[in-house]
Structure formats: C-alpha cells, structure tokens
Amino acid sequence: DTGVSQDPRHKITKRGQNVTFRCDPISEHNRLYWYRQTLGQGPEFLTYFQNEAQLEKSRLLSDRFSAERPKGSFSTLEIQRTEQGDSAMYLCASSPTWGGGYEQYFGPGTRLTVT
Amino acid sequence: AQTVTQSQPEMSVQEAETVTLSCTYDTSESNYYLFWYKQPPSRQMILVIRQEAYKQQNATENRFSVNFQKAAKSFSLKISDSQLGDTAMYFCAFMKHEVYSGGGADGLTFGKGTHLIIQP
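Listed in order, the protein sequences are those of chains G and Z. Here this note's numbering is used: the first residue of the first sequence is -8, the next is one more, and so on. Here this note's numbering is used: the first residue of the second sequence is 77, the next is one more, and so on.
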C-alpha cells in the first residue's frame, strides 16, 4: 500500500532527552508536512518540504526542533532537550504536486510523552 | 495570518438524523481551499470533503455536503442520514492557494474541532 507511515507510534522520554521521529510518505508524493496536535486541539502546522527542500517553517518550530528530508523521500523530526510542553501527537502528511496538490494524506502520528 | 473557528465543541444526534457542523474563518487571501477532515478515535485523519474558494457551487460527496458562503466566510458541513461510523472529531481547515508553486503548497490551518457523537 501504501499510505503514510510513522515510526514510532508511541514514545515516552524523560525531560532533557533527544527524540527522533520518522515519516515515510506515499511514494510518489513529493510534498511532506509535519504538524503537532495537543489534546483537545486541532493540528498545528510545523514545517513543509518539497522534495528535499524545507520551504516553510512555523514560528512553533523552536531552535530545539529540526526536520530533514535528505533524499526527498522519508523525513525525520528531531526534538532536542525535550520539555514537558513537547508532549503531543506529531502528525506527518504528504501530498502530490499534480491535481492541484491540495489533498494532504495523514499518517497515524507519533504520540510523544515527556515525563 | 488566517484563523479558523469551530464554535461547537461537541454535538450529539441520533442515527439517521441530519447534522450540521459550523465553521467560520478569517483571511485576507482571495484564493484558497477549505476542507473538512475526520479523525475517528485512535485513527488517522482522513479528508471528508474540499471546496475551492473560486467555485460558487457547493461541494458534495455522497452523504456529506457543504454550505460555502464566501462573503460571510462561513463553511458548514452537513451530514445526512448519519451513521454510527460517523462518530469522530471533525476539523475544518484552510489552505492558501500558492499559484507560483502550482497550487496547494502550504500548511493547513485547522480549527479546534467538533466532537460528533452518533447515538444508536
């Protein structure tokens, strides 16, 4: 198949540790997005890639956050020196460039708990 | 920047009834897309329906339809003949249309969501 996959699905870490999440988009999609969703809220946009180029970053993406998409395929999101406020669901989505490219397909998310 | 407001945190209806979820948005953009996404419990977000702002005709997908009022910046979702499987969080979302990148190349701005419960 193939939908968007994310790994791991759940991550528990202690405050101050670094964590890295992976997203594998739908194979022919060259656009990839990261969002963060906290309990009771809608997802908030973090950053966007077209192929390997990171084209947009939200102000929510502090210096402790970094995202990469080295070969234009999978992407990683790293959080350094985690804080309790980083606890959230991290969602990845991908979209094609054809057909307007406006439909984003979401993965199942990685739920991060910082203790 | 744009904002999306969903004023109904939770709604509950009986199976087979019709329900309307409301959404308003604020933007200075003239070209944009609007979406309704569904997030079932512990499952991933899926697209329910989309509307291009330049189209006057309201979008329809089977039991789902929208009432798009551009001047009022309103975008409501109507679900007809509701089913138990419609129980989910529903998010209204906005996306700018980026002409120079072929369109659609932007992050989504979501509302806070409406928790819809379909009672048997």
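A virtual CB, placed ideally from N, CA and C, is assigned to each residue, including glycine.
- Close partners of G/Y24 in chain Z (Cβ separation under 7 Å): G183.
- For G/Q95, the chain Z residues whose Cβ falls inside 7 Å of its Cβ are L184, in order along the chain.
- At least 8 Å separates the beta-carbon of Z/T100 from that of Z/S158.
- Here Z/P117 is not near Z/L160, since their CB atoms are 8 Å or more apart.
- Here the alpha carbon of G/G76 sits roughly 42 Å from the alpha carbon of Z/Q132.
- Looking at G/T101, G/S64, G/L103, G/Y93, the one whose alpha-carbon comes closest to that of G/E19 is G/S64.
- Approximately 6 Å separates the beta-carbon atoms of Z/S98 and Z/S83; this is inside 8 Å, confirming the contact.
- For a cut-off of 8 Å, the C-beta gap from G/K2 to G/L103 is around 5 Å, short enough to register as a contact.
- Here Z/Q133 is not bridged, per DSSP, to any residue.
- Chain order gives the chain G residues near Z/F167 as G33, P34, where near means a beta carbon separation below 9 Å.
- In this structure Z/I193 is not in contact with Z/T94, their Cβ atoms being roughly 15 Å apart against a cut-off of 8 Å.
- Looking from the CA of Z/R119, the closest CA among G/N42, G/T73, G/Y93, G/S(-4) belongs to G/S(-4).
- Residues of chain G whose Cβ lies closer than 7 Å to the Cβ of Z/L123 are, in chain order, E94.
- Secondary structure note for Z/H191: its beta strand (DSSP E) is the uninterrupted segment 190 to 195.
- Looking at the backbone, the Cα of Z/A129 and that of Z/N143 are separated by about 12 Å.
- Taking a C-beta distance under 8 Å as the contact criterion, G/P34 and Z/F186 qualify as a contact pair.
- One thing to note: G/R55 has its Cβ within 8 Å of the Cβ of G/R72.
- For G/G100, a Cβ of chain Z is located within less than 8 Å of the residue's own Cβ.
- Per DSSP, the continuous beta strand (DSSP E) segment holding Z/T96 begins and ends at 95 to 97.
- In the three-state reduction of the DSSP assignment, Z/L110 falls in the strand class, which pools E and B.
- Using a CB distance cut-off of 8 Å, Z/Q127 does not count as an interface residue toward chain G.
- Those residues of the region 38 to 55 of chain G placed with their C-beta closer than 9 Å to a C-beta in chain Z are T38, Y39, Q41, L46, E47, S49, ordered along the chain.
- In the structure shown, the three-state DSSP call for Z/Q145 is strand.
- The beta carbons of G/E43 and G/R60 sit closer together than 8 Å.
- Using a Cβ distance threshold of 8 Å, G/Y39 and G/R13 do not count as a contacting pair.
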